[in-house]
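What follows is one structure encoded as structure tokens, with my remarks underneath.
In the working numbering, the protein residues as written are 64 to 430.
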């Protein structure tokens with residue numbers, strides 16, 4: 064079986080939009096931790112549109128924050144025309160959120176598996192590492208590379224054990240007139256430094272800018288939208304996803320908070336050796352405190368039955384949105400907008416803690 068995952072660089076047009084949305088939200092939360100927001104962005108050529116609903120005591124200039132984010136990504140903000148249309152959050156939604164209900168309806172999933180330090184699928188771990196190193200390369204070699212790019216890693220498995228990498232694909236924007244023999248050797252060096260030589264074989268395909276040229280990039284080559292790289296944000300296409308976007312939403316939106324909470328539960332289940340793989344699903348109705356359903360799938364790897372695990376989960380974890388926010392609240396959301404929201408190298412993320420392992424094991428002993 065071959066499993067594969069893709070990651071994109073921070074100058075990819077979709078990631079620019081995620082970045083701007085979370086950059087603005089992070090500043091709002093710094094000033095007012097009770098901010099409620101649903102911010103969406105669209106970028107095409109030199110046009111950046113910011114739209115959404117925000118209820119906050121914070122005072123910000125949305126356009127100036129967007130410009131600051133563009134500069135942080137490595138783009139020239141003076142090249143962009145920025146349009147902004149932000150209104151106050153609907154009072155109908157607020158009715159339910161004010162009493163602790165979910166800020167939206169939807170289905171959220173969290174996943175974890177053994178095999179990597181972060182309890183994540185190896186293909187997404189490798190593609191993210193590669194994306195980070197490629198961003199470091201294009202930041203260091205500004206005369207050679209642009210900011211857009213993406214990468215993809217395919218891993219061959221034998222009975223759930225990774226045995227070889229079958230393909231590595233890198234598309235990295237270059238400046239006009241740069242010859243392939245100049246940039247290709249630098250990209251190959253990054254690949255070799257990032258991916259273990261134990262998994263690369265003589266049959267591994269390494270494809271760099273496979274169309275032959277990648278000069279026109281970013282928003283001038285493709286439009287970008289907030290929330291269009293959800294699998295890059297989560298598990299690389301190797302676990303279910305409910306379809307709700309993450310970036311630009313405060314934690315009252317269960318699309319974001321419950322996705323993180325489901326990951327928190329799944330990771331602790333796997334770390335407690337109660338399953339080798341675990342996928343948690345949570346469904347909410349807007350304005351209602353309790354989820355309408357919670358599910359678990361251990362793919363036949365559970366140490367005890369799934370019904371028993373579900374009983375234990377309900378004893379340990381509280382699914383009310385307000386309680387989730389209290390337990391895993393985090394405000395520096397811009398850090399999450401590029402290389403993933405779960406299983407990433409940000410030590411302080413509350414939903415990546417393994418602080419429920421002991422109690423899960425203790426309760427499991429009774430089954």
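All C-beta atoms, glycine included, are put in the ideal place defined by N, C-alpha and C.
Item                                                                                                                : Value
Outcome for residue 264 when other beta-carbon atoms lying within 10 angstroms are tallied against a minimum of 16  : exposed
7 Å CB neighbourhood of residue 76 in its chain, flanking five on each side removed                                 : 106, 281, 282, 285, 286, 287
Cβ pair residue 89, residue 394 closer than 8 Å                                                                     : yes
Proximity to residue 177 [Cα-Cα], best of 243, 150, 338, 262                                                        : 338
Spatial distance of residue 276 from residue 386 (CA atoms)                                                         : 50 Å
Three CB pairs or more closer than 8 Å across the stretch 317-335 and the stretch 127-147                           : no
Beta-bridge pairing of residue 171 - partner residues as DSSP gives them                                            : 345
Three-state class that DSSP yields for residue 99 in the structure shown                                            : strand
Whether residue 171 touches residue 321 by CB criterion (8 Å)                                                       : yes
Sequence-distant residues of the same chain with beta carbon closer than 6 Å to residue 356, five excluded per side : 346
Nearest candidate by alpha-carbon position, reference residue 343, set 241, 325, 123                                : 325
Alpha carbon of residue 190 to alpha carbon of residue 255, nearest angstrom                                        : 13 Å
Residue 354 burial status per 10 Å Cβ neighbour count (16 or more: buried)                                          : buried
Delimiting residues of the alpha helix (DSSP H) encompassing residue 140                                            : From DSSP, residue 140 is part of no alpha helix (DSSP H); its letter is neither H nor E.
Candidates 247, 167, 69, 91: closest to residue 306 by CA position                                                  : 167
Local Cβ density within 10 Å of residue 237, reported as buried at 16 or more and exposed below that                : buried
Of the residues 122, 83, 70, the one placed nearest residue 93, counting alpha carbons only                         : 122
Three CB pairs or more closer than 8 Å across the stretch 221-234 and the stretch 78-85                             : no
Residue range of the alpha helix (DSSP H) that includes residue 94                                                  : 76-94
Proximal residues to residue 110 (C-beta, below 6 Å), its chain only, five neighbours per side dropped              : 144
N-terminal and C-terminal residue of the beta strand (DSSP E) that residue 224 is part of                           : 224-237
Residue 408: first and last residue of the uninterrupted alpha helix (DSSP H) it sits in                            : Unbroken run through residue 408: none, as it is neither H nor E.
Sub-8 Å separation of residue 71 and residue 194 beta-carbons                                                       : yes
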